[in-house]
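In our numbering, the protein residues as written are 108 to 250.
This is the structure:
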């Protein structure tokens with residue numbers, strides 16, 4: 108699943124369309140031995156986890172597969188891949204500050220066309236959106 112950074116919403120939509128997004132967010136699921144899967148709910152949780160793991164594994168390249176193949180739950184796999192590809196909260200906070208400075212210092216370059224100016228500006232806003240929570244984001248592309 109080669110999806111570039113900054114496409115969190117797109118990834119969420121893809122996983123939701125396969126009915127596996129909730130499994131990536133579940134913090135309570137525990138893999139149990141087959142003998143302990145005694146209720147329909149537990150069986151359904153294991154099936155959802157297996158489906159989600161299979162979906163993620165089918166889209167990984169060899170390096171990412173090796174990175175997560177030992178993990179048992181889709182939550183663990185998703186968390187490790189997210190941390191690796193998107194960075195930790197510390198890295199994201201630094202990126203937000205960098206992009207905020209870029210926004211605040213934004214000026215038109217000499218001879219720059221309006222379309223190019225808008226493209227650069229939109230790129231900064233998009234980088235802020237990807238790395239910020241809605242509460243953190245003080246800017247929109249309409250300001």
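For each residue, glycine too, the CB sits at the ideal point set by N, CA and C.
Helix, strand or coil: which one does DSSP assign to residue i?
| i | result |
| --- | --- |
| residue 217 | coil |
| residue 144 | coil |
| residue 139 | coil |
| residue 126 | coil |
| residue 212 | coil |
| residue 230 | helix |
| residue 111 | Legend: pLDDT at residue 111 = 46, less than 50; position of this residue unreliable, value from coordinates given subsequently. Coil at residue 111, not helix or strand. |
| residue 242 | Its pLDDT being 49, under 50, residue 242 is placed unreliably in this model, and the coordinates cannot settle the point. |
| residue 165 | helix |
| residue 134 | coil |
Below 8 Å on the Cβ atoms is my contact criterion, and I expect residue i with residue j to pass it. Report the Cβ-Cβ distance as a whole number of Å.
| i | j | result |
| --- | --- | --- |
| residue 133 | residue 182 | 6 Å |
| residue 268 | residue 231 | Examination of residue 268 is not possible in this model, given that the chain is present from 108 through 250 alone. |
| residue 151 | residue 130 | Their Cβ separation, rounded to whole angstroms, is 11 Å, which puts residue 151 and residue 130 out of contact at 8 Å. |
| residue 238 | residue 203 | 5 Å |
| residue 187 | residue 174 | 7 Å |
| residue 180 | residue 136 | 6 Å |
| residue 127 | residue 139 | Actually they are not in contact, since the Cβ atoms of residue 127 and residue 139 sit about 19 Å apart, beyond 8 Å. |
| residue 207 | residue 224 | Their Cβ separation, rounded to whole angstroms, is 19 Å, which puts residue 207 and residue 224 out of contact at 8 Å. |
When you compare each of the options to residue i by their alpha carbons, which one comes out closest?
| i | options | result |
| --- | --- | --- |
| residue 161 | 143, 178, 145 and 170 | 178 |
| residue 118 | 145, 157, 176 and 189 | 189 |
| residue 212 | 168, 176, 146 and 227 | 227 |
| residue 122 | 147, 165 and 221 | 165 |
>> Please give the ranges of any alpha helix (DSSP H) in the stretch 173-209, keeping only runs that are unbroken, at least 4 residues long and fully inside the region.
In response: 181-193
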